[in-house]
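> Please find one structure pasted underneath; my questions will follow.
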Amino acid sequence: MKTKKFVEDLKAKSVAELNEELVAAKKELFNLRFQNATNQLDNTSRIKEVRKNIARIQTAITEKSN
Numbered sequence: 020m021k022t023k024k025f026v027e028d029l030k031a032k033s034v035a036e037l038n039e040e041l042v043a044a045k046k047e048l049f050n051l052r053f054q055n056a057t058n059q060l061d062n063t064s065r066i067k068e069v070r071k072n073i074a075r076i077q078t079a080i081t082e083k084s085n
């Protein structure tokens with residue numbers, strides 16, 4: 020249910036807002052990877068979740084541009 024709501028929120032946003040969210044998600048992914056490399060990350064499944072969210076955002080951007 021969480022992902023369904025996330026996708027619905029993405030569809031409601033403009034391309035500019037989606038691009039901003041994409042940048043924020045990529046920064047978060049970088050930080051998570053950095054924490055993982057320094058053994059500071061407790062929840063490693065968060066990396067997978069953020070990667071999938073990035074893909075969802077990119078898909079929404081592609082759908083809006085067509």
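No gaps in the numbering here: position 56 of the sequence shown is 75 in my numbering, and each next residue is one more.
A virtual CB, placed ideally from N, CA and C, is assigned to each residue, including glycine.
Here the structure is a predicted model, which is why all the values come from computation and not from measurement.
1) Quick one, which of K32, E68, F49 has its alpha-carbon nearest T22's?
2) What is the residue span of the alpha helix (DSSP H) that T57 lies within?
3) Below 8 Å, how does it come out for the region 38–53 and the region 66–83: are there three or more Cβ pairs, yes or no?
4) Could you tell me if the beta carbon of L37 falls within a distance shorter than 8 Å of some heavy atom in the ligand ATP?
5) Could you check the C-alpha separation between D61 and V26 for me, to the nearest Å?
6) Can L29 and E40 be called in contact, C-beta distance under 9 Å?
According to the structure shown:
1) As a working mapping, residue 22 is identified with position 3 in the sequence shown. Comparing Cα-Cα distances from T22 to each of K32, E68, F49, the minimum goes to E68.
2) Locating residue 57 in the sequence shown gives position 38, counting from the first residue. Element bounds for T57: n/a, residue is neither H nor E.
3) yes
4) Annotation note on the ligand ATP: not contained in the displayed structure, which lists no ligands.
5) Taking the sequence shown and counting its residues from 1, one reaches residue 61 at position 42. Taking the sequence shown and counting its residues from 1, one reaches residue 26 at position 7. So the two alpha carbons sit approximately 26 Å from each other.
6) Taking the first residue of the sequence shown as position 1, residue 29 is located at position 10. Taking the first residue of the sequence shown as position 1, residue 40 is located at position 21. Cβ distance < 9 Å, so L29 and E40 count as in contact.
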